[in-house]
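Colleague:
Residue numbers (mature numbering (1 follows the signal peptide of the UniProt record, and there is no 0)): -19 to -1, 1 to 385.
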C-alpha cells in the first residue's frame, strides 16, 4: 500500500485500524462497534460525533451517531472501523449497555493485594519467538468461558506457532484463567485493563490474578483505542500508563512492560504519538480490510507501509512497534478491493506472516476464533463475527472447539 493510503476520496473512506475515525469522544474497543460493559441490562448507546481525518490529522468529514459522513461512500464502504473489541470497554457498572455487548455481571472489586516477591523473570519486552494472537473468552450467549472450555480452545491452538495470547480485560478473572492456559501451552500473556475510571480496582484484580508470576506476562495494556473512541485524551492515557508502571513494579514486577493500544490514526498525530513515547513499546491496531484499495494479497505490505509512516513521528525512531491487532474476515460484504472469503483470509494472513517473518512477536493476529457474541452490521460489512482464522471441531471455519 502506498504511503498515500490515508487519503479519503469522495467515493470511499479509508477505514481501518491504521486509518479509522478519530472520535473526539469515544474509544474503539473493537470497535467502533459494539462495546462490552459490566452490566446485566441492555440499552441503546448515545450518539457520538466522528471526525474522519487524513494522514496529517486534517478533518475531512464529520458524522453523528451511526450516520454517513459527507461525502457519503458507496454502501459497501460505509464502515466504521475495525472489528469490535474483545473485552468490556467499560468496567464500571452503568445502568445499561448496548444490546450487542456481552452483559457480564461484575463481582466485588478485588482487594488491594500486598506487594509480592518478584519471581524469576525472562525479558518480555521483545516478545516471544512466535506470532501473537487475540483470544475472546466469551460464549455466544455472552457468558465467560470456563477453564475447561478454554483448555479445549488452547489445545487446538497449540502447534500453530504462537507464543503470546492477548486479552482485553479482567472481568470474571479471565486473566487468571487465560494465564493458566497460556503457561500450560508454552505461551505468555498480553494482559489488559480497560477502563481508566476503574484503573485502580482493575489493576488490583490483575495483580491478584497473576499471583506474582510476572515471568509469564509479556505485556500489560492500559485501555484499547481509548483516544480513538474519545474516552480519554492522550494525556490521560499517558498518566494512566505511568500509574500502572508504578503499581505493577510495587507488586513485584521488577521491569513492567506497559503500553496502550490504539489505532494508527489516533496515534500518528502530534498529540497522540506521546502515547507511544510513554509506553515500553509502541502498540497500534491496523486492519487492512478497512482500506477499500487494499486486496488480501496486499495486506502485509500495507501494514509495513503504515508502520514506516508512524516511525517518522516517534521521539525514538528505533522504538519497537507492535501491531497489536490485524487480520481479515472470511465472511461478509466486500469493501471494494477488500473482499471477505476463506481463501482471501488465508492469503491476507499469509502475507502478514511473511511481512513479519523475521520478527513474528511484533504482530498479533485477530482473531483465532469467530466471536458470535458480537453483532454484525452494514457499517462493519456484516463481518463482525467472522474474523476467526482457525478451524475448530468438525472443520467448521473459525468455530472455537469450545463452541462446537
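Glycine included, every Cβ here is placed at the ideal spot set by N, Cα and C.
Computed from a predicted structure; not experimentally measured.
(1) Report the option in 126, 181, 285 whose CA atom is closest to the CA atom of residue 154.
(2) Considering just the uninterrupted stretch of the beta strand (DSSP E) at residue 183, what are its terminal residues?
(3) Just the C-alpha distance for residue 114 and residue 347, rounded to the nearest angstrom, thanks.
(4) Is the CB-CB distance between residue 173 and residue 146 below 8 Å?
(5) Which whole runs of the alpha helix (DSSP H) in the stretch 246 to 309 are 4 residues long or more, in chain order?
(6) With burial defined as no fewer than 16 other Cβ atoms inside 10 Å of the residue's Cβ, what is the status of residue 324: buried or exposed?
(7) Would residue 237 and residue 201 be called neighbours here (beta carbons separated by less than 8 Å)?
(8) Let's see if you can read the secondary structure: which residues bound the beta strand (DSSP E) around residue 202?
(9) Give the single residue among 377, 327, 248 whose Cα lies nearest to the Cα of residue 279.
(10) DSSP state of residue 381, grouped into three classes?
(11) For residue 306 and residue 116, I'd like the C-alpha separation in whole angstroms.
(12) Which residue or residues does DSSP assign as beta-bridge partners of residue 146?
(13) Touch check for the stretch 295 to 306 and the stretch 252 to 264: three-plus C-beta pairs under 8 Å?
(14) Check whether the Cβ atoms of residue 284 and residue 269 sit closer than 8 Å, and answer yes or no.
(15) Buried or exposed: where does residue 231 fall if 16 or more other Cβ atoms within 10 Å of its Cβ makes it buried?
(16) Based on Cα-Cα distance, which residue from 219, 159, 140 lies nearest to residue 111?
(17) My guess is that residue 319 and residue 273 are in contact by the Cβ rule of under 8 Å, so how many angstroms apart are they, rounded?
(18) How about residue 300 and residue 262: are their beta carbons less than 8 Å apart?
(19) Rounded to whole angstroms, how far is the Cβ of residue 265 from the Cβ of residue 244, which I believe are closer than 8 Å?
(20) Quick one: what's got a C-beta closer than 8 Å to residue 225's C-beta in the same chain, skipping five residues either side?
(21) From 322, 149, 341, pick the residue whose C-alpha is nearest to that of residue 370; which is it?
(22) Could you tell me if residue 381 is buried or exposed, where buried requires 16 or more neighbouring beta carbons within 10 angstroms of its beta carbon?
(23) Can you look up residue 348 in the DSSP assignment and give me helix, strand or coil?
(24) With a Cβ-Cβ cutoff of 8 Å, do residue 205 and residue 119 count as a contact?
(25) The beta strand (DSSP E) with residue 152 in it runs from where to where?
(26) Using C-beta distances below 6 Å, list every residue in its chain close to residue 281, excluding the 5 sequence neighbours before and after it, in chain order.
(27) Three-state secondary structure (DSSP) at residue 364?
(28) Taking residue 160 as the reference, which of 309, 133, 197, 344 has the closest Cα?
(29) Return the Cβ separation of residue 352 and residue 361 in integer angstroms, given the expectation that the two are a contact with Cβ distance under 8 Å.
(30) Counting only the same chain and skipping the five closest in sequence on each side, list residues whose C-beta sits under 8 Å from that of residue 57.
Modeller: For this structure:
(1) 126
(2) No beta strand (DSSP E) holds residue 183; the alpha helix (DSSP H) holding it covers 180 to 191.
(3) 6 Å
(4) no
(5) 255 to 259, 280 to 292
(6) exposed
(7) yes
(8) 198 to 205
(9) 327
(10) coil
(11) 11 Å
(12) 114, 170
(13) yes
(14) yes
(15) exposed
(16) 140
(17) 6 Å
(18) yes
(19) 7 Å
(20) 174, 180, 184, 201, 203, 237, 239
(21) 322
(22) buried
(23) coil
(24) no
(25) No beta strand (DSSP E) contains residue 152, which DSSP labels as neither H nor E.
(26) 332, 333, 335, 336
(27) coil
(28) 197
(29) Going by Cβ atoms, the distance from residue 352 to residue 361 rounds to 12 Å, so no, they are not a contact pair.
(30) Low local confidence applies: a pLDDT of 36 at residue 57 is under 50, so the model's placement there is unreliable, and no value is given.
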